[in-house]
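Written out below as C-alpha cells is the structure these notes cover.
Protein chains: 2
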Amino acid sequence: MATSSLSSVETPFVQVDLDIAERNIVRLQAYCDEHGLKLRPHIKTHKLPRLARFQVEQGAVGITCQKLSEADAMTDGTGLEDVLITYNLVGEAKRERLRALSERIRLSVVADSAAVVDELAAAMKGTGRKLTVLVECDTGARRCGVPTPEAAAELANRIAASSELTFGGLMTYPPVGGTEAVQVFMQRAKSLIEAFGIPVETITSGGSPDMWRAHEAPIVTEYRPGTYVYNDRSLVTRGVCGFDDCALNVVATVVSVPDPHRAIIDAGSKVLTSDLLGLTGHGHVLGRPDIAIDQLSEEHGRLVTEQPINLSVGDRVRIVPNHACVVANMLDFVVLCRGETLIGPEPVAARGRVW
Amino acid sequence: MATSSLSSVETPFVQVDLDIAERNIVRLQAYCDEHGLKLRPHIKTHKLPRLARFQVEQGAVGITCQKLSEADAMTDGTGLEDVLITYNLVGEAKRERLRALSERIRLSVVADSAAVVDELAAAMKGTGRKLTVLVECDTGARRCGVPTPEAAAELANRIAASSELTFGGLMTYPPVGGTEAVQVFMQRAKSLIEAFGIPVETITSGGSPDMWRAHEAPIVTEYRPGTYVYNDRSLVTRGVCGFDDCALNVVATVVSVPDPHRAIIDAGSKVLTSDLLGLTGHGHVLGRPDIAIDQLSEEHGRLVTEQPINLSVGDRVRIVPNHACVVANMLDFVVLCRGETLIGPEPVAARGRVW
Numbered sequence: 343m344a345t346s347s348l349s350s351v352e353t354p355f356v357q358v359d360l361d362i363a364e365r366n367i368v369r370l371q372a373y374c375d376e377h378g379l380k381l382r383p384h385i386k387t388h389k390l391p392r393l394a395r396f397q398v399e400q401g402a403v404g405i406t407c408q409k410l411s412e413a414d415a416m417t418d419g420t421g422l423e424d425v426l427i428t429y430n431l432v433g434e435a436k437r438e439r440l441r442a443l444s445e446r447i448r449l450s451v452v453a454d455s456a457a458v459v460d461e462l463a464a465a466m467k468g469t470g471r472k473l474t475v476l477v478e479c480d481t482g483a484r485r486c487g488v489p490t491p492e493a494a495a496e497l498a499n500r501i502a503a504s505s506e507l508t509f510g511g512l513m514t515y516p517p518v519g520g521t522e523a524v525q526v527f528m529q530r531a532k533s534l535i536e537a538f539g540i541p542v543e544t545i546t547s548g549g550s551p552d553m554w555r556a557h558e559a560p561i562v563t564e565y566r567p568g569t570y571v572y573n574d575r576s577l578v579t580r581g582v583c584g585f586d587d588c589a590l591n592v593v594a595t596v597v598s599v600p601d602p603h604r605a606i607i608d609a610g611s612k613v614l615t616s617d618l619l620g621l622t623g624h625g626h627v628l629g630r631p632d633i634a635i636d637q638l639s640e641e642h643g644r645l646v647t648e649q650p651i652n653l654s655v656g657d658r659v660r661i662v663p664n665h666a667c668v669v670a671n672m673l674d675f676v677v678l679c680r681g682e683t684l685i686g687p688e689p690v691a692a693r694g695r696v697w
Numbered sequence: 343m344a345t346s347s348l349s350s351v352e353t354p355f356v357q358v359d360l361d362i363a364e365r366n367i368v369r370l371q372a373y374c375d376e377h378g379l380k381l382r383p384h385i386k387t388h389k390l391p392r393l394a395r396f397q398v399e400q401g402a403v404g405i406t407c408q409k410l411s412e413a414d415a416m417t418d419g420t421g422l423e424d425v426l427i428t429y430n431l432v433g434e435a436k437r438e439r440l441r442a443l444s445e446r447i448r449l450s451v452v453a454d455s456a457a458v459v460d461e462l463a464a465a466m467k468g469t470g471r472k473l474t475v476l477v478e479c480d481t482g483a484r485r486c487g488v489p490t491p492e493a494a495a496e497l498a499n500r501i502a503a504s505s506e507l508t509f510g511g512l513m514t515y516p517p518v519g520g521t522e523a524v525q526v527f528m529q530r531a532k533s534l535i536e537a538f539g540i541p542v543e544t545i546t547s548g549g550s551p552d553m554w555r556a557h558e559a560p561i562v563t564e565y566r567p568g569t570y571v572y573n574d575r576s577l578v579t580r581g582v583c584g585f586d587d588c589a590l591n592v593v594a595t596v597v598s599v600p601d602p603h604r605a606i607i608d609a610g611s612k613v614l615t616s617d618l619l620g621l622t623g624h625g626h627v628l629g630r631p632d633i634a635i636d637q638l639s640e641e642h643g644r645l646v647t648e649q650p651i652n653l654s655v656g657d658r659v660r661i662v663p664n665h666a667c668v669v670a671n672m673l674d675f676v677v678l679c680r681g682e683t684l685i686g687p688e689p690v691a692a693r694g695r696v697w
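Chains A and B, in that order, give the protein sequences. Residues in the first sequence are numbered from 343 upward in steps of one, following my numbering. Residues in the second sequence are numbered from 343 upward in steps of one, following my numbering.
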C-alpha cells in the first residue's frame, strides 16, 4: 500500500482512527479509576498489540483474551505479560500450549466444571508452578458458567484443593442489563466461598453495553470490556456512545447505481459480516441517515433509500458497522489514521486466532 | 499441525473431504457436458488453486472470481489462466492491477454502466491489447446489472465501439428460482444486440441452488456455480443435495455442558459466521438432528435440544454450516481429508481477498 493519503487507499478497507480509539480508552480508564475498578480490556475487538499496550500504559491491569492463540499472538515479543483467558481450555493440544504460555507470562484462566478444573490441573502437573483459575458464573447469559452461587463455591473449593491450581476469584459475562443480577449472584457466591476460608481476590465482569453502569455492581473488582475501544452501530443504538466515538469504519466504493434509489458498494459480508446484534440493516452510512444497507452478499453491499440516492460510480462511503469486533477479524490488516491523516496499514496480529 | 489423525487436530477447524468435493465436481461436470453447457466454477467457495485445477482438469472452461485480488491469488504460479471477474472494477488502483493481470492471463470482466465501461477502456489504453467485457444484467436479483434488455444492448454497443474492448456477451446472477426470467431477458437482449450486427458469444448464469435446472434456460451457454463443490445446510434444506454431499464441515469440541439440554462448543461466529440464508439456527450437527445451534458469539456456539443432550466436555461434534463459502473465508487454512484419512492443512490462498 504505497500511498500517501486515505483517499488513495484501495477499497474496501477497514479504517481505524487512533485519535478516537485513544480517547475512548482514556475515558473508560478515567471512569474505572474514579470507581476503584480495575480495567482488563478484552482484545477481541482490536486484536492489535499496539492498542493493548496503550491500554496498559493508561492503567489497565492486563488484557483479556478468549483463546490461547490470541494470547500467544498478543504476548509474543510485545511486552504484554498479564493475560486472563476467559475460556474453558479443553484437549491435549491446548494443555501443552497452556503449559508453555504459563511459563512465559502471568496467566490466569477460568473453569465452569470439575472436568475443566481437572484438565487444567493435569496440564500443570510436574511444572512446579500453580495456575490461577477463576470460576465462570452464569449470571443470566445462558452460555457457559456454573448456574448457582452454590455450584460456584463447590468448584472454588475443588480449585483451592488442587496442588497445581490457585483459586483466583469469580468471572462472569452478563447479558445486557444484567448488572443487578451480577451483584446478587456474586455477593452470595463470595460469602459461601469465604465461609470455606478461601479468599475471593477478583470478581470480574464485562460487556461494553453496560460499561458506564459497572459501578452499580460494587462487588465487581475488575471490568473486561472489548468493544469500547472502537464502538459501533450497536453501541450507538443502545445510547452508549455517538457515531463520532466510532473509531472503526469500513470505507467502500460505489460500483453500481442501477436505479435512482439504489447503489451497490464493493464491501459485502466479507468485510461488514452478517452480524445484526438485533439491528435492522448492515451498518450506518456516515452522513446519510436516510440510507439503509438492506442486503449483503459476500462482495456486494446494497444501499437503498426512499430519497434520491445521489451517489455515482466511484464515490466513496464510510460505514459504521453493526459490530466492530467481528469486522476487525475479516481482513489481515486495518488502515490506521488520525483524522484525515493516514498512518498506514497495521497487521491484525490476532486475526483468525480461534484455537 | 504435527499430527497424524483427524481426531488429534486441534479444534475448532474446517475440514474438507476431497473425496466428496471431487465427486460433487465430477457430477456437475457430467450434467453440464450432457446439456452442452460450459462450466466456469466460481472459486469464492473453496478459494483453493488445488480444487480449481481439478475443476479445470474435469472440463471446466476456466474459473470465475469476484475480485481482482482473488484472480491474482488463483493464477499466481498455479497453472490456471482463464478467469472471468464478475464484478465492476472501479478506481485507479484497480485499473493498474487490471492492466497487469490482463497481460498475464486470459481475462474477461463485466460492466453494467457506461461509467464502468469507460473505466475499463481507460485501463487498457496504450496496452495494445483488447479486454473482453460482458454486460451484467439484472434478471431479478436487484443487485448490480442493467435493468432491461434494451439497456443491455445499448451498453453492448458502447463496448463494441471501444477500440480497447471486445464485447464478450451477457452475464447474470439470478435470484433462486429465476431460471425462466433469465431465458426471457437474455433472449430479448441477444436479439437486440445481434440486430446491431454484434455477435453474443457467451451468455453466462450462475447459482448452485438452481444448478440442476440450468438446462431449463437453453439460451445460457455457460454456468458459474460456486457452492456445489462443498454444498452446505442451505442447499440441503433446498433439496439440492444431502448431508452426505457436504464436503466442508466444522469440527468443534464441547467445552461446557451447563445443563442437561445445553452444551457450548469452541466454534462461534469466527468460524461458522452469522450467515443465516433464511434458515433458523447456525448449522446442522451431524448425527444429531434434535440439536439446534440457537446462538453464536464470537468463540462460543450454543447447542440446545429438548431431549437430553448427552454430550460431555471434550466430545467432538461435526457441523454442516449454513453457508460453506463464508466459512471457508474465516481461517487461514482448511484441513483436507479423504473420509477418515487426514491429508493435512491447506492454505486458503484467496482468503480475505476483497480488493
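Cβ coordinates follow ideal geometry from the N, Cα and C atoms, glycine included. The structure presented is a predicted model; accordingly, all values stated were derived computationally and were not measured.
- Residue 533 of chain A carries a helical assignment under DSSP once its states are collapsed to helix, strand and coil.
- For residue 593 of chain A, the closest of A:559, A:542, A:676 by C-alpha to C-alpha distance is A:676.
- Three or more beta-carbon pairs separated by less than 8 Å are not found between the stretch 667–676 of chain A and the stretch 394–405 of chain A, which leaves the two stretches without contact.
- Within 10 angstroms of the beta-carbon of residue 349 of chain A lie fewer than 16 other beta-carbons, which makes it exposed.
- With its beta carbon less than 7 Å from one in chain B, residue 606 of chain A belongs to the interface.
- For the pair of segments examined, the stretch 546–564 of chain B was found not to touch the stretch 441–461 of chain A: the number of CB pairs separated by less than 8 Å stays below three.
- Counting along the chain, residue 396 of chain A sits inside the alpha helix (DSSP H) bounded by residues 391–399.
- One thing to note: residue 595 of chain B has its Cβ within 7 Å of the Cβ of residue 658 of chain B.
- Under the 7 Å criterion on CB atoms, residue 503 of chain A is classed as non-interfacial with respect to chain B.
- 673, 674, 694, 696: these are the residues of the stretch 673–696 of chain A whose beta carbon lies less than 8 Å from some beta carbon of chain B, given in chain order.
- Not one beta carbon of chain A lies nearer than 7 Å to the beta carbon of residue 524 of chain B.
- The beta carbon of residue 408 of chain B sits closer than 7 Å to some beta carbon of chain A.
- Closest in alpha carbon position to residue 662 of chain A, among A:646, A:695, A:603, A:585, is A:585.
- Residue 363 of chain A places its beta carbon less than 7 Å from that of residue 571 of chain A.
- Near chain A, meaning a CB-to-CB distance below 9 Å, the residues of the stretch 486–503 of chain B are 486, 487, 488, 489.
- In the structure shown, the three-state DSSP call for residue 436 of chain A is helix.
- Less than 7 Å separates the beta-carbon of residue 678 of chain A from that of residue 358 of chain A.
- Straight-line spacing of the CA atoms in residue 371 of chain A and residue 546 of chain A works out to 16 Å.
- Against residue 479 of chain B, chain A offers no close residue; the least beta-carbon distance is about 11 Å (beta-carbon pairs closer than 9 Å).
- Neighbourhood of residue 386 of chain B in chain A, by CB distance below 7 Å: 640, in chain order.
- Residue pairing for residue 409 of chain A: DSSP places it in no beta bridge.
- Here the alpha carbons of residue 613 of chain B and residue 355 of chain B stand approximately 8 Å from one another.
- If you look at residue 639 of chain B, you'll find it isn't in any beta strand (DSSP E); DSSP assigns it neither H nor E.
- Interface with chain A (7 Å Cβ-Cβ cutoff): residue 616 of chain B is included.
- Residue range 360–376 is occupied by the alpha helix (DSSP H) that includes residue 362 of chain B.
- In this chain, residue 447 of chain A is not harboured by any alpha helix (DSSP H), its DSSP state being neither H nor E.
- Exclusion of the five residues before and after residue 569 of chain B leaves 387, 550, 577, 666, 667 as the residues of its chain whose Cβ lies within less than 7 Å of its Cβ.
- The residue from A:646, A:528, A:693 with its alpha-carbon nearest to that of residue 485 of chain B is A:646.
- Residue burial annotation: residue 404 of chain A is buried, with at least 16 other C-beta atoms found within 10 angstroms of its C-beta.
- Secondary structure note for residue 424 of chain A: it is in no alpha helix (DSSP H), and the uninterrupted beta strand (DSSP E) holding it is 424–427.
- Secondary structure at residue 420 of chain B: coil, using DSSP grouped into helix, strand and coil.
- Under a criterion of Cβ atoms nearer than 9 Å, no residue of chain A is adjacent to residue 347 of chain B; the nearest Cβ is some 12 Å distant.
- Taking C-beta separations shorter than 8 Å and ignoring five residues to either side along the sequence, the partners of residue 532 of chain B in its chain run 512, 542, 545, 561, following chain order.
- For residue 467 of chain A, the closest C-alpha among the options A:580, A:490, A:507 is that of A:507.
- Short of 6 Å from the beta carbon of residue 557 of chain B, and not among the five residues preceding or following it, lie these beta carbons of its own chain, in chain order: 377.
- Here the alpha carbon of residue 610 of chain A sits roughly 42 Å from the alpha carbon of residue 528 of chain A.
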